[in-house]
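Number of protein chains: 2
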Amino acid sequence: MLWKAYNHVSELRGTALSAPDVIMPEQYAIVVRDIPAVPKTRKDRKDQVDSYFKSLYADEFYDSLVITDNTEVNIIWEDLTKYRNKLAHAEAKFAASKTRTRPTNKKYFIFGKKFDTIDYCNKMIATLVPKLKKEQQKTIRGKQKDSALIFFTNRKAATSAAQTIHAKKADTWTVGEAPEPRQMLWRNLGLEFYQWQLRQDIVYLIVALTILFYMIPITFITAFTTLEKLKIILPFMSPVVDKAMVKSVLEGSIPQIVLIAFMALLPKFLMFLSRTEGIPSVSRAVRASSGKHFYFIILNVFIGVTIGGTLFSTIKDLQKNPKQIWMLLGKSIPENATFFLSFVALKLFVGYGIELSRPFSFFMFYVNKRFFCRTAAEEKKAWAPGDMNYATRVPNDLLIVTIVLCYSVIAPVIILFGVAYFSLGWLVLRNQALNVYIPSYESYGRMWPHMHARILAALIIYQFTMIGAFSLKQFYYAPLVIPLPILSIAFAIVCRRKFYYSFCHTPLEVVCAEMRETPNLRAIYKEFIPPCLRSEYPDEEAQPVPDASSASLLQPPEYKDLIKSVEEKESQSLISNLWGPTPETEASNSV
Amino acid sequence: MLWKAYNHVSELRGTALSAPDVIMPEQYAIVVRDIPAVPKTRKDRKDQVDSYFKSLYADEFYDSLVITDNTEVNIIWEDLTKYRNKLAHAEAKFAASKTRTRPTNKKYFIFGKKFDTIDYCNKMIATLVPKLKKEQQKTIRGKQKDSALIFFTNRKAATSAAQTIHAKKADTWTVGEAPEPRQMLWRNLGLEFYQWQLRQDIVYLIVALTILFYMIPITFITAFTTLEKLKIILPFMSPVVDKAMVKSVLEGSIPQIVLIAFMALLPKFLMFLSRTEGIPSVSRAVRASSGKHFYFIILNVFIGVTIGGTLFSTIKDLQKNPKQIWMLLGKSIPENATFFLSFVALKLFVGYGIELSRPFSFFMFYVNKRFFCRTAAEEKKAWAPGDMNYATRVPNDLLIVTIVLCYSVIAPVIILFGVAYFSLGWLVLRNQALNVYIPSYESYGRMWPHMHARILAALIIYQFTMIGAFSLKQFYYAPLVIPLPILSIAFAIVCRRKFYYSFCHTPLEVVCAEMRETPNLRAIYKEFIPPCLRSEYPDEEAQPVPDASSASLLQPPEYKDLIKSVEEKESQSLISNLWGPTPETEASNSV
């Protein structure tokens, strides 16, 4: 089944990538990092990059876009956007108001001086716009990083360029496929290779420590949040807390609340770590985060609960008789079968109900619509269901796979719950994927190899558990199952060899088909310009290789243009978020 | 120093590969393996390959050459060559003979019927030539494998094609850089990926067993070759053997002779294993064989002698107190310092003397010239010095590096011998490389990363030994050297990242320079046809895409042409062997 699924996903990926009627901007671009210092013979970074790639790809090179450090310009741009949204909100409120009272604000949310919102926002926008322009010019000319996006005139050239070593010193001019414009992590694109590597090592260390010692701060905080301590910190609470019923409820629930709060923080923390690692695209950060989450829950939930309190005594046993290691899981599992049986059942009966009815989103949308939304854009934003959130969904489902497989030897009834969980899941999530959630990026099935590897890992853990359980029961034919894990590992290697590389890189075969329409290269180029810099890049269709820094000085864009472009961008992205997935995303949803 | 050396070799490699005045046929070709079965819409394998690559590389594709199973045609061709050489030899002998006696042969070397050599050879050649032609046609049409060589019209296209994934199923149409024509292992080019992988695993297993248990058959045979046993097997020897002096010499030397014989067999055995592995080029097989030899001598000579007889007792100690593992080498090394000191001294004083004077080659050349050589070609062959034989030279020198580094802590005088060994070696081998040996292939410095990694490994072993020795002596500042191995490992990672990949693949940068002359693509194509099939491929310069099988039927080459082509090939290769290295090989020799 895994083989068939891999084959199927691989086919779908090939079909989606080679679609002749969808223009994917990322297929025309590559990312190049670790560009050496600008030589004296070259005017600037862009000149250097252009001449390098022109010499290598005389016919196929189209243009380049140097990565800049946008931290500051981004702050200003976000401020501007915030005030523009506030202004639109206030204007809509004013227009709807029957008493024609102008909406007002206070300086510090509910304290401070009162002032007119519309005037205030207009004033702020008027000061921010020239500031943004100045910062944009400064960024484009002065804050260039050692990376660039290179655009090619056809997909084949870009695909093979992304896979070829360019420089004699292999750690300079390193290339890679460009991420989709909408999921680019611009800040990480500018990182040097060694910095990236170092960050990765540090993040792995932090994750390992987190996995091993996550229970320690929880225990620590639980110890400090006893009722007695609470009474000292918040003395006005003591009359309430002293009541017998309240006291018993609180005493029982405080550790649970702390645990739930920490577990809720975990995905955010892991996502933050994955972004800090230096990963250039959102989809890859999600995969990295999902992987970390998987290790976390396998070790802390599955292994933790299974071996649990007996861990230390078990290690002592192991030292006496090292052969016992194979029997460890087989011995511990029967004791915890009931716990995991109810765990899967809970997930099955409650989890999918919540998933289908989405009570929290439902509630929040009506609250937002009733009290906070004034403009159409705000209403659309409140309605937007978001995407599937693979970063937590995938590891949780993989945990169920692991539990069901491992406990199937001892408590076969768990298989029924497992089958029900994944059958219902197929129906529910198919509906959610096709009709509810809207993908905010597209990785063309790259999540599958990640899941495949972890399902196989679960299978191998299960096979070892089975060997352990059979040995414990002194089952006569137990040695017959020993080849199973070896076969699983061989299968993993063959799968990796057969499919994995075409998920890492785009095969040349899939991009050799001619496009139905000749793509507009200027539009593709503009897709990659980050929104906060967009107004600084010229609009002319005819200009073949624009020198961004000088062009912006010659033809300063109008104030009106800036506002228009920001508005367009915003409404476009909202529309695409709201009015369903594009054909390319549908292809992958049906996986 | 390692950094500077890597940098230097990397520069030399880049310069040699981008030389604008040397045409390297392998830069215009790639190897493609694991081609799927021929679809029904295609005439044959060549048609399938051509149409596939034409669709991907419309302008750059030039031609393809399907790999065939040449086992049988090669046997016939070698027979033919043997008889042709014999004929030339006999004719030269006849011409030089003053008595005008025709040279004769006996059927089984010195027994059997006597017959006239010239007549016999002529008869054999006359029967073999049509047989060869028939077998050639059969091979080209019927024995096609799943691999092919693809030729491109320019170097850039070939370089990026060799690094790009082509097919959706990444285990079909797998590509790689083509080896030099003169070092192609044609038989291995036809292997499928999984077969190659399996062979590699089996070979690794055999090598591991060989390394661990090589002493066992030696001991076994030594036990069976005592004088008493010899007397039973060869009873006529007993009068000689019974003499006291002969007896004592024989008793002392038999184990040594057996050991020397086994050690002399080892490189041939390892080279045989490396070729069986499925490696497509001679240079890579030499590297693989050198690697195996390195592990062998480090484990059997260095570790074997150092820990030696105390191995089993040491393991028992370790079980009692596992912390001792760091002190193991530090403790054993002082006991063997004298042995290795004399080992290095012997290598230094005797080894380079033999290397410079080459007494065996000198003797063999004069014996051959006096008694066996009749033709000019035979004389040239007897004179040819061969190549450097990296497969045994490199691991032996790396053993000296390891010994000198590790023993420098205990017996610092070994450093003097080490410095003398490598200084003299620099002088001697520079002379040998430039003036004596003739490289039979060119890998453009790919041996260096292999050596670099092993020098670093020696350095790390040395650093651990040092820590062990310092701990044993309870040296107060010993912990200060603990960061050294960590730094060495970090250095290895940085070096690998910076340089290694441009040794694995050709960087695009180095092949983007224009060639001084437009290469003759037909000549490049013909370079890759194996000698035993050469006469079956058409000679026409004008024909752009020859269909080998049909063309050979339409224009059967003349008998004379065949002999001429064989002769030309032979004398050309001899001339190039004898009259010095080509410019491209000189570039790498000066490394």
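Respectively, the protein sequence lines represent chains A and B.
According to our numbering, the stretch in the first sequence is residues 1 to 591, in order.
According to our numbering, the stretch in the second sequence is residues 592 to 1182, in order.
Ideal Cβ placement from N, Cα and C applies to all residues, glycine included.
Alpha carbons only, please: which of the options is nearest the one belonging to residue i?
{"i": "A799/B", "options": "Y785/B, L850/B, H884/B, I870/B", "result": "H884/B"}
{"i": "V877/B", "options": "Q728/B, I1115/B, I1084/B, M1038/B", "result": "M1038/B"}
{"i": "Q48/A", "options": "K98/A, I76/A, I150/A", "result": "I150/A"}
{"i": "T276/A", "options": "F262/A, K247/A, A261/A, L198/A", "result": "L198/A"}
{"i": "Y998/B", "options": "A717/B, N980/B, F1055/B", "result": "F1055/B"}
{"i": "I460/A", "options": "S274/A, V301/A, I486/A, Y476/A", "result": "I486/A"}
{"i": "K677/B", "options": "V664/B, P694/B, I667/B", "result": "P694/B"}
{"i": "Y805/B", "options": "L856/B, I716/B, F702/B", "result": "L856/B"}
{"i": "D625/B", "options": "R522/A, K347/A, E514/A, R497/A", "result": "R497/A"}
{"i": "N122/A", "options": "K145/A, R100/A, H89/A, F152/A", "result": "H89/A"}
Grouping DSSP H, G and I as helix and E and B as strand, with all else coil, what is residue i?
{"i": "K972/B", "result": "helix"}
{"i": "L737/B", "result": "The residue asked about is misnamed: residue 737/B is Asp in this sequence, not Leu. D737/B: strand per DSSP, three-state reduction."}
{"i": "V1004/B", "result": "helix"}
{"i": "N154/A", "result": "coil"}
{"i": "I658/B", "result": "strand"}
{"i": "N696/B", "result": "strand"}
{"i": "S872/B", "result": "strand"}
{"i": "D1152/B", "result": "Residue confidence for D1152/B is low, a pLDDT of 44 falling below 50, so the modelled location carries little weight; the figure read from the coordinates is stated next. Note: D1152/B maps to helix in three-state DSSP."}
{"i": "Y1035/B", "result": "coil"}
{"i": "M388/A", "result": "coil"}
{"i": "D242/A", "result": "coil"}
{"i": "E177/A", "result": "strand"}
{"i": "Y619/B", "result": "helix"}
{"i": "R100/A", "result": "coil"}
{"i": "Y352/A", "result": "helix"}
{"i": "K43/A", "result": "coil"}
{"i": "F1055/B", "result": "helix"}
{"i": "M775/B", "result": "strand"}
{"i": "N598/B", "result": "helix"}
{"i": "F1119/B", "result": "coil"}
{"i": "F111/A", "result": "strand"}
Whole angstroms is fine: what's the gap from residue i's alpha carbon to residue j's?
{"i": "E442/A", "j": "N154/A", "result": "21 Å"}
{"i": "H452/A", "j": "L2/A", "result": "7 Å"}
{"i": "Q791/B", "j": "D833/B", "result": "50 Å"}
{"i": "T127/A", "j": "S290/A", "result": "43 Å"}
{"i": "L679/A", "j": "I298/A", "result": "A question about residue 679/A goes unanswered here, because the residues of chain A that appear run from 1 up to 591."}
{"i": "E970/B", "j": "T662/B", "result": "29 Å"}
{"i": "H156/A", "j": "N396/A", "result": "Reading off the sequence shown, one finds Lys at residue 156/A, where the question assumed His. C-alpha separation (whole angstroms): 39 Å."}
{"i": "A596/B", "j": "A1049/B", "result": "17 Å"}
{"i": "Y525/A", "j": "D63/A", "result": "8 Å"}
{"i": "A1060/B", "j": "I1001/B", "result": "8 Å"}
{"i": "N941/B", "j": "T1109/B", "result": "At residue 941/B the sequence reads Val, which differs from the Asn that was named. If you take the alpha carbons of V941/B and T1109/B, they lie about 51 Å apart."}
{"i": "A936/B", "j": "P826/B", "result": "42 Å"}
{"i": "W186/A", "j": "I67/A", "result": "8 Å"}
{"i": "A879/B", "j": "I467/A", "result": "38 Å"}
Practice task
Flag this pair as touching only if the segment 1013 to 1030 of chain B and the segment 962 to 969 of chain B have three or more C-beta atom pairs under 8 Å; answer yes or no.
Solution key: Taking 8 Å as the limit for Cβ pairs, the verdict is that the segment 962 to 969 of chain B does not touch the segment 1013 to 1030 of chain B.
Exercise for the section: Kindly confirm or deny that the segment 274 to 281 of chain A and the segment 166 to 186 of chain A touch, where touching means at least three C-beta pairs closer than 8 Å. Expected result: Yes, they touch.
Handout entry: Residues from the segment 162 to 192 of chain A in contact with chain B, defined by Cβ distance under 7 Å
Key = Answer in chain order: Q163, T164, I165, H166, A167, K168, K169, A170, D171.
Practice task
Kindly confirm or deny that the segment 1117 to 1126 of chain B and the segment 725 to 735 of chain B touch, where touching means at least three C-beta pairs closer than 8 Å.
Solution key: Yes: at least three Cβ pairs fall under 8 Å.
Practice task
Could you say if the segment 2 to 11 of chain A and the segment 24 to 32 of chain A meet the contact criterion of at least three C-beta pairs nearer than 8 Å?
Solution key: As far as the Cβ criterion goes, the segment 2 to 11 of chain A does not touch the segment 24 to 32 of chain A, which means the pair count is below three.
Exercise for the section: Count the CB pairs spanning the segment 124 to 137 of chain A and the segment 58 to 76 of chain A that are closer than 8 Å, and state whether there are at least three. Expected result: In short, these stretches touch, since the Cβ pair count reaches three.
Problem - Contact residues within the segment 489 to 502 of chain A, judged by C-beta distance below 9 Å to chain B - result: Result list: I493, V494, R497, K498, F499, Y500, Y501, S502.
Practice task
Kindly confirm or deny that the segment 33 to 47 of chain A and the segment 779 to 788 of chain B touch, where touching means at least three C-beta pairs closer than 8 Å.
Solution key: No, the segment 33 to 47 of chain A does not touch the segment 779 to 788 of chain B.
Problem - Touch test, the segment 496 to 504 of chain A against the segment 753 to 761 of chain B, Cβ-Cβ under 8 Å, three pairs minimum - result: Contact between the segment 496 to 504 of chain A and the segment 753 to 761 of chain B is present, because at least three Cβ pairs lie under 8 Å.
Practice task
Determine which residues of the segment 611 to 632 of chain B have a Cβ less than 9 Å from any Cβ of chain A, and write them out in chain order.
Solution key: Per Cβ criterion, the list is empty.
Problem - Residues of the segment 138 to 157 of chain A with Cβ closer than 7 Å to any Cβ of chain B, in chain order - result: For the segment 138 to 157 of chain A, which is checked against every Cβ of chain B, not one residue is closer than 7 Å.
Handout entry: Residues of the segment 1093 to 1109 of chain B whose Cβ lies closer than 9 Å to any Cβ of chain A, in chain order
Key = Residues of the segment 1093 to 1109 of chain B with a C-beta less than 9 Å from any C-beta of chain A: S1093, F1094, C1095, H1096, T1097, P1098, L1099, E1100, V1101, C1103, listed in chain order.
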